[in-house]
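Protein chains in written order, with the working numbering: chain S, 13 to 121; chain C, 997 to 1111.
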């Protein structure tokens, strides 16, 4: 079993819809939880960074962490075509990031 | 605030050749990380530096790979005797050292293609 599991998609949703992206993990030692966005042929861009269980909101993005279930989510409200990208969940352990495979998201105009 | 800079953006080489990549981190960041990303996968950790000291190396980093950060600023990653399996995107990231697990900021990577 991989330490971090993420459905690779692709996920296609119409413009304006709410997007829900999820990851599960197996290692209780993970300390910080992040979401990165990666456009084609670009490096990952940090979107959300959180430590505790609960919700963290930043504009149209909400990150949710449930440590008891080892489950994290990213919600995107009012999705735009420019949100089309690969979204990587990530977790830190001993100063290293462990990434999920990434979910390819397509927002249909 | 300039971000993490990586050069070259794309490197094409023949199998068996040596290649070297360069990473310039964000200026106030003391920690520098190298990752490798293959198609359809998330980045995988290779190694990291605290200033000029290389603190950890992944099992993915075979003897053909070597990384340096001689003055605690830029870093180089060299691959000797390249193999087909080395084809990947090589990503560099940097962070501050004010505590553990600081957020890491990535460059746009060097894409290596082995002919």
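Cβ coordinates follow ideal geometry from the N, Cα and C atoms, glycine included.
- Contact between residue 81/S and residue 32/S is ruled out by a C-beta separation of about 15 Å, above the 8 Å threshold.
- Distance between residue 67/S and residue 79/S, taken at the CA atoms: about 12 Å.
- In terms of Cα proximity to residue 1111/C, the closest of 1013/C, 1003/C, 1004/C and 1093/C is 1013/C.
- Bridge partners of residue 73/S according to DSSP: 70/S and 88/S.
- Here residue 121/S is exposed. Its C-beta has fewer than 16 other C-beta atoms within 10 Å.
- Straight-line measurement puts the Cα of residue 1038/C at about 14 Å from the Cα of residue 1056/C.
- For residue 1101/C, a Cβ of chain S is located within less than 8 Å of the residue's own Cβ.
- Look at residue 1045/C: its C-beta is not under 8 Å from any C-beta on chain S.
- Secondary structure of residue 40/S (DSSP, three-state): coil.
- For the pair residue 1002/C and residue 1088/C, the CB atoms are nearer than the 8 Å cut-off.
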